[in-house]
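Data block below; observations after.
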Amino acid sequence: MIRLEKRPEPSRIWAWATPPLAVFLTMIAGGLMFALLGKDPFEAIRTIFWDPLFNEQFAAFSRPQLLVKAGPLILIAIGLSLGFRAGIWNIGAEGQYIMGAIVGGGVGLAMFPSDGWYVYPAMVIAGGLGGWAWAMIPAILRTRFRTNEILVSLLLVYVAEQLLASVSLGLLRNPDGGGFPGSRNFEDFPAADNQEIIAGTGLHWGVITAFAAVIIAYILLNRHILGFQIRLTGEAPRAARFAGVNPNRLIIFCLGASGALAGLAGLFEVTGPAGQISIDFNSGYGFTAIIVAFLGRLHPIGILLAGLLMALTYIGGELAQFMLGLPAAAIQAFQGMLLFFLLAVDVLTNYRFRFGRVEAA
Amino acid sequence: MDLAGINPVLLLASLMVASTPILLAAIGELVVEKSGVLNLGVEGMMITGAICGFAVAVNTGSPAVGFMGAALGGALLSLVFAVLTQVFLSNQVATGLALTLFGLGLSSLMGQSYVGIKPPSTPEIAVPILSDIPVLGQILFQHDLMVYFSLALVAGVWAVLKYTRIGLIVRAVGENHDAAHALGYRVVLIRVACIAFGGACAGLGGAYLSLVRVPQWTEGMTAGAGWIALAIVVFASWRAGRVLIGAYLFGGVTVLQLNLQAAGVAIPVEYLSMSPYLITIVVLVIMSADRSRAALSAPASLGRSFHASS
Chain C
1399 MIRLEKRPEP SRIWAWATPP LAVFLTMIAG GLMFALLGKD PFEAIRTIFW
1449 DPLFNEQFAA FSRPQLLVKA GPLILIAIGL SLGFRAGIWN IGAEGQYIMG
1499 AIVGGGVGLA MFPSDGWYVY PAMVIAGGLG GWAWAMIPAI LRTRFRTNEI
1549 LVSLLLVYVA EQLLASVSLG LLRNPDGGGF PGSRNFEDFP AADNQEIIAG
1599 TGLHWGVITA FAAVIIAYIL LNRHILGFQI RLTGEAPRAA RFAGVNPNRL
1649 IIFCLGASGA LAGLAGLFEV TGPAGQISID FNSGYGFTAI IVAFLGRLHP
1699 IGILLAGLLM ALTYIGGELA QFMLGLPAAA IQAFQGMLLF FLLAVDVLTN
1749 YRFRFGRVEA A
Chain S
146 MDLAGINPVL LLASLMVAST PILLAAIGEL VVEKSGVLNL GVEGMMITGA
196 ICGFAVAVNT GSPAVGFMGA ALGGALLSLV FAVLTQVFLS NQVATGLALT
246 LFGLGLSSLM GQSYVGIKPP STPEIAVPIL SDIPVLGQIL FQHDLMVYFS
296 LALVAGVWAV LKYTRIGLIV RAVGENHDAA HALGYRVVLI RVACIAFGGA
346 CAGLGGAYLS LVRVPQWTEG MTAGAGWIAL AIVVFASWRA GRVLIGAYLF
396 GGVTVLQLNL QAAGVAIPVE YLSMSPYLIT IVVLVIMSAD RSRAALSAPA
446 SLGRSFHASS
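Residue numbers (the numbering used here), protein chains in the order written: chain C, 1399 to 1759; chain S, 146 to 455.
Shown next as structure tokens:
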């Protein structure tokens, strides 16, 4: 008989080994799914994970895309991981991402056609504040009225989507756009455009900010009292209370930080890769970032790697769509599967399998 | 603007139809949470039920078989959650989210060849004699079978939880799984059964959307209904009767804002469309502001993993 025995402390080896194991298992299960869809599983997996980086025909286009896609995912996931570590569940990053784009983009558009140096910094600050403010709604409701932050933050995503529809059809619509929905294209507004910093690499300000966020989060979690309190609250809530950790302050900080980072990601996306505020500029990064955060085991360096891997599945998925006719939804299911396997194999970190009969105590 | 064009009788009748998907999903989730499990994957199970029900109904031509397929699909997906959280002891919040993300992807994958098809129509059943009552008859007694089924389900869940031995065991497992285990109840098995029941209910709710309410298949068509069902369980303080009130309240807001949109009220469409979500948040705040009651009514073991360690 097989039974689980709790480890005295989490296994360090398995903590590092589970994400690659989960990726491997997902490839097998995903391959089965692709085979069921009538595609060659090996070709599909190779197209998703190998071709975007190493196939001579596609790599030139795909490699820069890696940073473009990974930037927002990492930025959002870093913010989410802080809260997740402390048991504070902000799952409405998608909404904060949209609000960052609306507020930041709106500030920029209000200054059109100025070419001052201050335009873009002002937009970045406004974008961060927009996401922060949107996340403050669940934070304040949680601290004041003990309202569940999971539900409120998630429901606000739908509110943000409606607001996005409203502004792209009304307030922020391009006055020279001939009545088409969507804002001015930021490419026509150089002072507010988030261009590639080094041509052909995909590196833009959002990616730089994401890398900075990784470093800051690493220092915060390992060297700062606030990071210690976050980890303590997650691992031993009772001990944290005895140690005098103020839970409300932590909630405000974690939700605020993740909201601000998601807002920044939205602003960088809308002024760069997306190009304009439109009804459907958001591509679900706020939700995929949840997978990234867990795949990275809520560790900044892990999230950096996980973000790059998840970006690869996006690009490879598009490539597979184009080359093999693999449906876009298959990639979405594939990403969801990854999270399942990750959570399942995580049992190895905290428990150990014992074979044989249970001996009487 | 033409407010006079809104017929209050039709409004109330469509309220019942609009509420049914959320009512079904919420009553299922109530049972799951009563057993001490927080399954945040309602949205994923609903949308999977929506496409399973739709596909089965289109292929067999029978909405009834479709609903059965939906319940089965929702239950099967929920078993993934059950295995992960009960056997592999994974975090329930994260696993629930994974279920939603996976369900959304899986459903659009399954639904590709079903876009733009009309499902076989579900017949309305006019209850004899009662449906002839003026006004009330039209509001209450001229619906399809699922509306009545959802009401019967609420009554059934209420009665089982309150009066039967099974209900008592479920509640015991949800309040204190260690004590229930010590008494000899199979905590994991009971929870798996409750999760499967919740999945089946969510699947039925989703299928009601795709087969009756809309009736059509579009990607992401649940549009947060599963999350609202979760909110309604909190609103209801984990009581079956109040789930009914919550779901009908929400259905009322939805129908009213749709009617206001149609009547061309001066409020922009987007603001009307976001009103159900905003009202759900406001209601959640009001319910949770009352500290003592919120703390007392939630099952004590809600969201905690159970591992029988000696």
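Note that the Cβ used here is the ideal one computed from N, Cα and C, for glycine as well.
Rounded separation between residue i and residue j - CA only
i	j	result
Pro1725 (chain C)	Ser442 (chain S)	45 Å
Ile335 (chain S)	Leu185 (chain S)	19 Å
Pro304 (chain S)	Phe342 (chain S)	With the sequence shown as reference, residue 304 (chain S) is identified as Ala, and Pro is not the correct amino acid for it. Those two C-alpha atoms are separated by around 16 Å.
Glu1403 (chain C)	Phe233 (chain S)	12 Å
Ser433 (chain S)	Val1517 (chain C)	42 Å
Ser1676 (chain C)	Ser159 (chain S)	33 Å
Ala1427 (chain C)	Val225 (chain S)	14 Å
Leu356 (chain S)	Ala1611 (chain C)	46 Å
Phe1738 (chain C)	Gly1429 (chain C)	16 Å
Ala352 (chain S)	Phe199 (chain S)	7 Å
Gly1485 (chain C)	Gly181 (chain S)	18 Å
Ala368 (chain S)	Met191 (chain S)	10 Å
Val332 (chain S)	Ala1558 (chain C)	40 Å
Ile314 (chain S)	Leu349 (chain S)	25 Å
Ala1637 (chain C)	Asn204 (chain S)	57 Å
Arg384 (chain S)	Gly396 (chain S)	18 Å
Leu1703 (chain C)	Ile431 (chain S)	42 Å
Ala1420 (chain C)	Gly1568 (chain C)	45 Å
Phe1751 (chain C)	Ile1538 (chain C)	43 Å
Ala1508 (chain C)	Gly1525 (chain C)	14 Å
Phe1440 (chain C)	Met255 (chain S)	22 Å
Leu401 (chain S)	Gly448 (chain S)	35 Å
Ala1442 (chain C)	Thr399 (chain S)	43 Å
His288 (chain S)	Glu269 (chain S)	5 Å
Val1466 (chain C)	Phe1459 (chain C)	12 Å
Cβ shell of residue i (< 6 Å), same chain only, five flanking positions each side left out
i	result
Leu1741 (chain C)	none
Thr245 (chain S)	Gly186, Glu188 and Gly189
Gly1469 (chain C)	Gly1604, Val1605 and Ala1608
Proximity to residue i [Cα-Cα], best of the options
i	options	result
Glu1716 (chain C)	C:Leu1434, C:Ala1663 and C:Gln1463	C:Gln1463
Ile278 (chain S)	S:Val154, S:Ala317 and S:Ala411	S:Val154
Thr240 (chain S)	S:Gly206, S:Met213 and S:Leu183	S:Leu183
Leu1624 (chain C)	C:Ala1641, C:Met1497, C:Thr1669 and C:Ala1475	C:Ala1641
Ala1727 (chain C)	S:Phe247, S:Glu174, S:Cys197 and S:Pro208	S:Phe247
Leu290 (chain S)	S:Ser223, S:Ala209, S:Val302 and S:Met366	S:Ala209
Ile1500 (chain C)	C:Ile1595, C:Arg1582 and C:Leu1471	C:Arg1582
Ala1475 (chain C)	C:Arg1750, C:Gly1568, C:Gly1600 and C:Pro1698	C:Pro1698
Arg1571 (chain C)	C:Trp1530, C:Gly1504, C:Gln1560 and C:Glu1633	C:Gly1504
Phe1692 (chain C)	C:Ser1479, C:Asn1620 and C:Glu1585	C:Ser1479
Gly1577 (chain C)	C:Ala1537, C:Phe1587, C:Ser1566 and C:Asp1586	C:Ser1566
Pro421 (chain S)	S:Ala411, S:Leu403 and S:Ile412	S:Leu403
Gln1627 (chain C)	C:Asn1644, C:Thr1545, C:Ile1617 and C:Asp1678	C:Asn1644
Ser446 (chain S)	S:Asp435, S:Asn321 and S:Phe212	S:Asn321
Residue i burial status per 10 Å Cβ neighbour count (16 or more: buried)
i	result
Arg387 (chain S)	buried
Pro1519 (chain C)	exposed
Asp1744 (chain C)	buried
Ser266 (chain S)	exposed
Phe1422 (chain C)	exposed
Glu1547 (chain C)	buried
Tyr308 (chain S)	exposed
Val427 (chain S)	exposed
Asn1680 (chain C)	buried
Leu429 (chain S)	buried
Trp1530 (chain C)	buried
Glu1454 (chain C)	exposed
His1622 (chain C)	exposed
Gly1723 (chain C)	exposed
Leu242 (chain S)	buried
Gly1528 (chain C)	buried
Phe1452 (chain C)	exposed
Leu1696 (chain C)	buried
According to DSSP, residues forming a beta bridge with residue i
i	result
His1602 (chain C)	DSSP, once it has assigned bridges, lists no residue as partnering His1602 (chain C).
Leu1402 (chain C)	C:Phe1751
Close-in-space but distant-in-sequence residues of the same chain around residue i (CB under 8 Å, 5 per side omitted)
i	result
Met1534 (chain C)	Ile1650, Leu1653, Gly1654 and Gly1657
Gln1593 (chain C)	His1602 and Gly1670
Gln1733 (chain C)	Thr1686, Ile1689, Met1708 and Thr1711
Trp1487 (chain C)	Gly1481, Glu1547, Ile1548 and Ser1551
Arg358 (chain S)	Val162, Ala163, Thr165 and Pro166
Thr1541 (chain C)	Asn1646, Ile1649 and Ile1650
Close beta carbons around residue i, own chain, < 7 Å, minus the five adjacent residues each side
i	result
Ser253 (chain S)	Glu364
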